[in-house]
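Engineer:
Residue numbers (the numbering used here), protein chains in the order written: chain A, 124 to 237; chain C, 128 to 239.
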């Protein structure tokens with residue numbers, strides 16, 4: 124089975140603090156994604172990466188950065204958190220071969236910024 | 128924008144089949160139908176996908192109409208653990224970097 128893990132299930136931070144969310148997948152997937160999910164807004168793509176050291180902006184990259192130093196790890200960084208970044212953060216990965224690129228998700232990190 | 132329409136909620140008795148409908152009347156020839164579900168406060172879970180033939184796996188069956196404008200996800204013997212929001216999505220099979228767009232989904236409640 125595909126396994127995508129995220130470093131924390133719940134985090135509480137104060138405004139201005141730095142947050143580092145790590146995602147690890149064990150299926151040798153090339154593609155990795157960071158989304159946030161908010162009530163009434165569905166999933167919104169923050170960044171994705173299709174290879175080590177490669178990254179592409181999604182729909183809402185402002186206030187976020189990412190790092191992909193190893194194929195299995197994709198990190199989301201919030202340099203200086205704000206209350207509007209309170210959300211559920213979801214990591215996903217997918218294969219980039221000739222077949223299906225079904226995305227598999229981690230359990231999510233619920234971040235609260237006070 | 129989501130290209131699918133689903134009922135907002137459904138109930139199902141435990142042990143009975145749950146049949147979740149989805150309309151996707153504007154689906155194009157290269158788009159597949161995917162189903163995910165999300166149990167409260169957890170990440171979405173992939174269930175199944177198909178193009179035009181019916182598909183079955185260990186979790187569910189997917190029935191796609193001949194004109195491909197609608198589909199039904201079938202959970203053959205629903206359990207309380209199947210209570211979740213179910214999302215029907217249409218997208219190309221291979222869409223590197225393509226984001227998933229979830230609509231409102233169907234909130235399925237399985238009752239004892």
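We put the beta carbon where it would ideally sit given N, CA and C, even for glycine.
What does the alpha-carbon distance come out to for the pair residue 138 of chain C and residue 203 of chain A?
Structural biologist: For this step, residue 138 of chain C is matched to residue 11 along the second chain. For this step, residue 203 of chain A is matched to residue 80 along the first chain. Approximately 43 Å between the Cα atoms of the pair.
Engineer: Looking at the structure shown, is residue 208 of chain C part of a helix, part of a strand, or coil, going by DSSP?
Structural biologist: For the purposes of this step, residue 208 of chain C is identified with residue 81 of the second chain, where counting begins at 1. In this structure, residue 208 of chain C counts as helix in the three-state DSSP scheme.
Engineer: So, helix, strand or coil for residue 232 of chain A, using DSSP?
Structural biologist: Numbered from 1 along the first chain, position 109 holds the residue referred to as residue 232 of chain A. Residue 232 of chain A: strand per DSSP, three-state reduction.
Engineer: Along the chain, which unbroken stretches of the beta strand (DSSP E) at least 3 residues long are found entirely within the segment 126 to 168 of chain A?
Structural biologist: Qualifying beta strand (DSSP E) stretches, in chain order: 127 to 129, 133 to 136, 142 to 148, 154 to 161.
Engineer: Between the beta-carbon of residue 196 of chain C and the beta-carbon of residue 136 of chain C, is there less than 7 Å?
Structural biologist: By one-based count along the second chain, residue 196 of chain C stands at place 69. By one-based count along the second chain, residue 136 of chain C stands at place 9. No, the Cβ-Cβ distance between residue 196 of chain C and residue 136 of chain C is not below 7 Å.
Engineer: Are the beta-carbon atoms of residue 239 of chain C and residue 141 of chain C separated by less than 7 Å?
Structural biologist: Working through the second chain from its first residue, we reach residue 239 of chain C at position 112. Working through the second chain from its first residue, we reach residue 141 of chain C at position 14. Yes, they are a contact pair.
Engineer: Under 7 Å Cβ-Cβ, which residues of chain A neighbour residue 130 of chain C?
Structural biologist: Position 3 of the second chain, counted from the start, is the residue given in the question as residue 130 of chain C. Chain A residues near residue 130 of chain C: none, gap ~13 Å exceeds 7 Å.
Engineer: Residues of chain C with a CB under 8 Å from the CB of residue 229 of chain A: which are they?
Structural biologist: Here residue 229 of chain A corresponds to residue number 106 of the first chain, with the count starting at 1. Going along chain C in sequence order, the residues near residue 229 of chain A (Cβ under 8 Å) are 170.
Engineer: Using DSSP's beta-bridge definition, name the partner residues of residue 234 of chain C.
Structural biologist: By one-based count along the second chain, residue 234 of chain C stands at place 107. Residue 234 of chain C is bridged to C:136, C:212.
Engineer: Going straight from the alpha carbon of residue 213 of chain A to that of residue 158 of chain A, what length do you get?
Structural biologist: Taking the first residue of the first chain as 1, we reach residue 213 of chain A at position 90. Taking the first residue of the first chain as 1, we reach residue 158 of chain A at position 35. Approximately 5 Å between the Cα atoms of the pair.
Engineer: What residues of chain C sit near residue 245 of chain A, judged by a beta carbon separation below 9 Å?
Structural biologist: With chain A running from 124 to 237 in the structure shown, residue 245 of chain A is simply not present.
Engineer: On the criterion of 16 or more Cβ atoms from any shown chain inside 10 Å, does residue 155 of chain A qualify as buried, or is it exposed?
Structural biologist: Stepping through the first chain from its first residue, residue 155 of chain A is reached at position 32. Classification for residue 155 of chain A: buried.
Engineer: Please name the residue or residues paired with residue 145 of chain C in a DSSP beta bridge.
Structural biologist: The residue you call residue 145 of chain C lines up with position 18 of the second chain. Answer is C:202.
Engineer: Pull the bridge partners of residue 219 of chain C from the DSSP assignment, please.
Structural biologist: Here the question's residue 219 of chain C lines up with position 92 in the second chain. C:158.
Engineer: Would you mind telling me which residues of chain C sit closer than 8 Å to residue 225 of chain A, beta carbon to beta carbon, in chain order?
Structural biologist: On the first chain, residue 225 of chain A is found 102 positions in, with the first residue counted as 1. In chain order: 161, 173, 176.
Engineer: Please tell me whether residue 126 of chain A and residue 149 of chain A are closer than 7 Å, where the distance is taken between their beta carbons.
Structural biologist: Position 3 of the first chain holds residue 126 of chain A. Position 26 of the first chain holds residue 149 of chain A. Yes. Within cutoff.
Engineer: Taking 7 Å as the CB-CB cut-off, is residue 199 of chain A touching chain C?
Structural biologist: Translated into positions along the first chain, residue 199 of chain A becomes position 76. Answer no: the Cβ-Cβ gap between residue 199 of chain A and chain C never drops below 7 Å.
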